[in-house]
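Residue numbers (the working numbering), protein chains in the order written: chain A, 1391 to 1639; chain B, 9 to 293.
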C-alpha cells in the first residue's frame, strides 16, 4: 500500500531531511512514525502524499509512484490518500458540514450525493449534532474530527495524520485515536506521524517506525519477537534496529 | 463550469470588501488609461482635421485653354492618391475672396480687371497626405505649360507631419507606460485577493481537486473583477468627458472600438493576473 525504497530527500538550504529510508506498510496496517522534531516525519508524509518528490529513491502509494506520477495527476493520489494535520487546515467562516462538503464539491461529486455523504461522515466521527456549527465554535478535538471527516469523505484507502493530536488535550487525543482505530478496523491503512511516545505505548498493536536525523532507526516489525508489551516500544535512542526494506508488497 | 460560476459569485459574496477593492483598483488603473485614451483620441481628431485641409493649389495662367485644363484635370485625377481635382474659375475665386474677406469687398468690387487666377484644387486621399505624395503630385502639375505656380504650404505640412510623428511616438510611449502601470496595479490587486484565499486553494489541492477545477473559479473571478473595473473606468472617463465638454471645450468621445478594447484589456489583465498568482499557490501543496 505504501512503500518507500531507498528514499533520500535533500533541501537546497537545509541538507538531507531523509537519508536512504525504506519501509513497506501493507493494506490495513496501523503505523506510527515517531521521532523528535526535525527527524523527517513530516517530510515522509509529504513524500507519500506527493506534495514533494524524493531527491532519490521511489515512493509508491496505492498504485502510484513518485517517479511516474506527473504533477498534473497528483490529484488522483489525493483522492486515494486522505491527510489530516496538527493545525486542522479547515476553512474558517464555514460550518462543519460546509467544510466536509467542500471536499466533495471540488472533486466534482454530484450535488445530490454531497448532503448524504457529508451527514454520514459527520455521524461517523461523532459530530452529527454539531454539523451546523461554525468552525470557530468547535473545540480542538471537534475541529480535528471535522478534518478527519473531510479527509475520509472521498473514500480514500490511506489516511495520513501529521501530528494530528499535537494540539489536543489528553481526552481529545484519546477520542481521536479511538476514531483512527475504528477507521483502521474498517480496513483503511493509517499512518500517523507523532512525537508523542506515549501513544504507541498505549496502542502496542500499532507498528512503529522511528526516524532520527532523517534515518529509519527502528521498525517494530523487524525487531526481535518479545512477548512483553515493552517490546512494542521503540528504542529511545534509535540505534538498535534496521528498516524493513526487503519486504514485498 | 456551473461550479466555477457558483464559486466565483460566492467568492464575491464571501469577501465583498476585498473583491470590491480589487475591482476599484482595476477600475482606477484603467481610468488613467481611459483618460489618456480620451486625450490621445482628441489629439488624433485635431490632427486629422488639420490634415484634411492639406491641398495642392495649381494656379493657371490667364488664357489657358479649357480643353487643356480639362485634360490636365483628368490626368491629375488619375494619379495615385488623388481624391479630387476641382477647377476654380477666376470668377469663383473672386466670389470666394469677397466672401472670406468682407473687409476688402469694396476693393474687389471696384476692380475693373479680376486679378485672381483660375486654379485647380487637388485633395489627396487619407494616407497619401504625406510630404512625398504632395511633392510628387505638385511636380506633375508644375510640368504643364499653362501652370503659373503650384503651392501646398510646404513648411506648414512639414511642421504638421513632424507634430504628428512626435504625437504618435509620445502617445505610444505614454500609452505603453500607462498600460504597464495598470497591469501592475491590476496584478497586485488580484494577487492580494487570491492570497487571502490561499487556504482555500490549499484545501482544494489537499482533497484532490484538479488544477483546472481550482483555477476556473479564480480565473472567472479575475475576469469579472477586470470587467467590473473596466466598466467603472468607462463611467469615470465618461464623467470627465462630460465635464470637459460642458465646462471647458468641445471634445470627441472615445470610439467604440477603443472602449471595447479597454474592457477586453480589463478582462484579459484580470484573467492573466489571476492565472500568474494561482501558479505560485498551486505549487508545493
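Even glycine gets a Cβ: it sits at the ideal position worked out from N, Cα and C. In this text the structure is predicted, and so the values were computed from the model without any measurement.
Note on residue 1442 of chain A: 16 or more other CB atoms within 10 angstroms of its CB, so buried under the neighbour-count rule. Distances from the alpha-carbon of residue 72 of chain B to those of B:97, B:161 and B:91 put B:97 closest.
Here the C-alpha atom of residue 226 of chain B lies approximately 7 Å from the C-alpha atom of residue 282 of chain B. Scanning B:106, B:285 and B:241 for the CA closest to the CA of residue 272 of chain B turns up B:241.
At a cut-off of 8 Å between beta-carbon atoms, residue 1510 of chain A makes no contact with chain B. Using beta-carbon distances, residue 1554 of chain A does not count as an interface residue toward chain B, since no partner is under 8 Å. In this structure, the beta-carbon distance from residue 1531 of chain A to residue 1573 of chain A does not fall below 8 Å. For residue 1430 of chain A, no chain B residue has a C-beta closer than 9 Å to its own C-beta; the minimum C-beta separation is roughly 18 Å. Going by beta carbons, residue 100 of chain B and residue 93 of chain B fall outside the 8 Å limit. Within the stretch 217 to 245 of chain B, the residues whose Cβ lies closer than 8 Å to some Cβ of chain A are 217, 218, 219, 221 and 222, listed in chain order. Within chain A, not a single residue places a beta-carbon under 7 Å from that of residue 256 of chain B; the smallest gap is close to 50 Å.
Against chain A, the beta carbon of residue 208 of chain B has neighbours under 7 Å at 1481, listed in chain order. Taking C-beta atoms as the reference points, residue 200 of chain B and residue 212 of chain B fail to come closer than 8 Å. Counting along the chain, residue 1422 of chain A sits inside the beta strand (DSSP E) bounded by residues 1420 to 1424. Apart from sequence neighbours up to five positions away, the residues of its chain that approach residue 15 of chain B with a beta-carbon distance below 6 Å are 225, ordered along the chain. Looking at the DSSP output, residue 1417 of chain A sits in no beta bridge, so it has no partner there. Your pair residue 1604 of chain A and residue 1430 of chain A checks out as a contact, with CB atoms roughly 4 Å apart and the cut at 8 Å. The DSSP assignment places complete beta strand (DSSP E) segments of no fewer than 3 residues inside the stretch 61 to 99 of chain B at 63 to 68 and 90 to 96, in order along the chain. Taking C-beta separations shorter than 8 Å and ignoring five residues to either side along the sequence, the partners of residue 26 of chain B in its chain run 200, 201 and 204, following chain order. With fewer than 16 other Cβ atoms inside 10 Å of its own Cβ, residue 253 of chain B counts as exposed.
Against chain B, a Cβ distance below 9 Å from residue 1492 of chain A picks out 208, 211, 212 and 215. For residue 1398 of chain A, the secondary structure class from DSSP, reduced to helix, strand or coil, is strand. Annotation for residue 1567 of chain A: the continuous alpha helix (DSSP H) segment containing it runs 1560 to 1575. Rounded to the nearest whole angstrom, the C-alpha separation of residue 35 of chain B and residue 260 of chain B is 22 Å.
Our two residues, residue 1562 of chain A and residue 1553 of chain A, have alpha carbons roughly 13 Å apart in a direct line.
Residues 1497, 1544 and 1546 of the same chain have their beta carbon placed closer than 7 Å to that of residue 1469 of chain A, with the five preceding and five following residues left out of the count.
Under the Cβ criterion of 8 Å, residue 1496 of chain A is counted among the residues facing chain B.
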